[in-house]
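*Asks:* This structure is in structure tokens; I'll ask about it shortly.
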Amino acid sequence: MSTDERYCFIGEWYDSQASMTRTYQVLFYPSDNSIEMFDVKTRRTFLKRTKNEAAKLTDFFIGNTINIFSRSIKIVDFGDAFTARCIGRNQERTLAIIKPDAIRNLGDIVSTIYENGFTIARMRMIKLSQNEIMYFYGEHKAKDFFPRLVEFMISGPIVAIELVGSDAINRWRSIIGPTDSQKAKEQGSHLLRARFGTDGTRNALHGSDSATSAQREISFFFGSKYGTNTACYNDTTCCLIKPHAVAEGKAGQIINAILIAGFQISAIGT
């Protein structure tokens, strides 16, 4: 790596005082963890090159929000072809769904995600309606299993997760295993569908099968208003998993500890 190599991103920050979103060119220099920012509209320097020990290159992916000197900057795009080529190939996105039958195993699944080097970009627990499920799985409408699939998916809350990582689509599908949980059990007990699934319908997890599907599915769950909030506001408390624990990959362990202590997680989000 060149000592002065830098990566360029486009970031947005909502200025509450001016009630407007400001757009910046954000440059990150891995050699010394320094950041430089330019206002895209005025073409003026917003932040001179300054070290930020908390910043990491792995934090710079599309959709993530980074705290840069007390400002929450959301990364919305790559800033040049070099960055898109070098960083983009290691930041493929896919959608994972934890289905109703596997919600109780949320902690173990999240731990597996981190153990395999994925970044969780976004996550939300929701309950989908029958019409929403039918729309999401529309490509399977003519298949025999479709009614069973719809009935199962509306039977309880689900957790949708946007995963980011190298070859994310193929790697996640290899981790969860075949659609039929019985076949997954034959291939290996380490597969998530072998561990938590029952059959071809109640198979615990979902994974996008292509880049096109991933884009559509991520947009469905995180770029729309589909799904209803599952939060229960009676006899509840709020638990916040702090950034350093998430960065250390401990979120799954913390979720497990909560469930083992007898609590029910009625909602989760990032």
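If you read the sequence shown in full-length UniProt numbering, its first letter stands for residue 1, the second for the next number, and so on. Don't be surprised by glycine CBs; every beta carbon is placed ideally from N, CA and C.
CB-CB under 6 Å to ILE62, same chain, minus the five flanking residues each way: which ones, in chain order?
*Replies:* ILE75.
*Asks:* Is the CB-CB distance between ILE97 and LYS127 below 9 Å?
*Replies:* Result no, Cβ atoms of ILE97 and LYS127 do not sit closer than 9 Å.
*Asks:* So for ILE10, helix, strand or coil by DSSP?
*Replies:* ILE10: strand per DSSP, three-state reduction.
*Asks:* Kindly indicate which three-state DSSP category ARG122 falls into: helix, strand or coil?
*Replies:* DSSP places ARG122 in strand when its eight states are reduced to three.
*Asks:* Can you name, in chain order, every residue of its own chain whose Cβ lies under 6 Å from the Cβ of ILE66, other than the five neighbours on each side?
*Replies:* These residues qualify, in order along the chain: ASP59, ILE73.
*Asks:* In the structure shown, what three-state DSSP assignment does VAL40 receive?
*Replies:* Here VAL40 sits in coil by DSSP.
*Asks:* Can you grab the Cα-Cα spacing for the pair MET1 / LEU57, in whole Å?
*Replies:* Caution applies to MET1, whose pLDDT of 46 falls short of 50 and renders its modelled position unreliable; the model cannot decide the point.
*Asks:* Take the Cβ of GLU132 as the centre, count every other Cβ of all protein chains shown within 10 Å, and call the residue buried at 16 or more, exposed below.
*Replies:* Counting Cβ neighbours within 10 Å, GLU132 comes out buried, since at least 16 surround it.
*Asks:* For ILE203, count neighbouring C-beta atoms within 10 Å of its own C-beta (all shown protein chains included) and say buried if the count is 16 or more, exposed if not.
*Replies:* First, the amino acid is wrong: residue 203 is Asn here, not Ile. When all chains shown are included, ASN203 counts as buried.
*Asks:* Between ILE176 and GLY207, which are expected to be in contact by the criterion C-beta below 8 Å, what is the C-beta distance as a whole number of angstroms?
*Replies:* At roughly 5 Å, the Cβ-Cβ gap stays under 8 Å, so ILE176 and GLY207 are in contact.
*Asks:* So who's on the other strand from VAL246, going by DSSP bridges?
*Replies:* Answer is none; VAL246 lacks a bridge partner.
*Asks:* State the Cα-Cα distance for the pair GLN187 and LYS99, rounded to the nearest angstrom.
*Replies:* Taking the straight line joining both Cα atoms gives about 21 Å.
*Asks:* Anyone know if the C-beta pair for SER34 and ARG49 falls short of 9 Å?
*Replies:* Contact: yes.
*Asks:* Looking at the structure shown, is GLN25 part of a helix, part of a strand, or coil, going by DSSP?
*Replies:* If DSSP states are grouped into helix, strand and coil, GLN25 belongs with the strands.
*Asks:* Just to confirm, does GLN253 get its C-beta within under 8 Å of one of the non-hydrogen atoms of the ligand ADP?
*Replies:* Inclusion of the ligand ADP in the displayed structure is not the case, the ligand content being empty and no account of it being possible.
*Asks:* Is the Cβ-Cβ distance between ILE103 and ILE161 less than 9 Å?
*Replies:* No, the pair does not count as a contact, with Cβ atoms beyond the cut-off.
*Asks:* Confirm, please, whether the CB-CB distance from GLY165 to GLN215 is below 9 Å.
*Replies:* Contact: no.
*Asks:* Where DSSP assigns a beta bridge to SER34, which residues make up the other side?
*Replies:* Paired residue(s): TYR29, LYS51.
*Asks:* Per DSSP, which residues does ILE103 bridge with? Please list them.
*Replies:* DSSP lists no partner for ILE103.
*Asks:* For the alpha helix (DSSP H) containing GLU132, list its first residue and its last residue.
*Replies:* Residues 130-136.
*Asks:* As an exercise, report each continuous alpha helix (DSSP H) stretch of at least 4 residues that is fully enclosed by the region 187-226, in chain order.
*Replies:* Runs of the alpha helix (DSSP H) inside the region 187-226: 192-196, 211-222.
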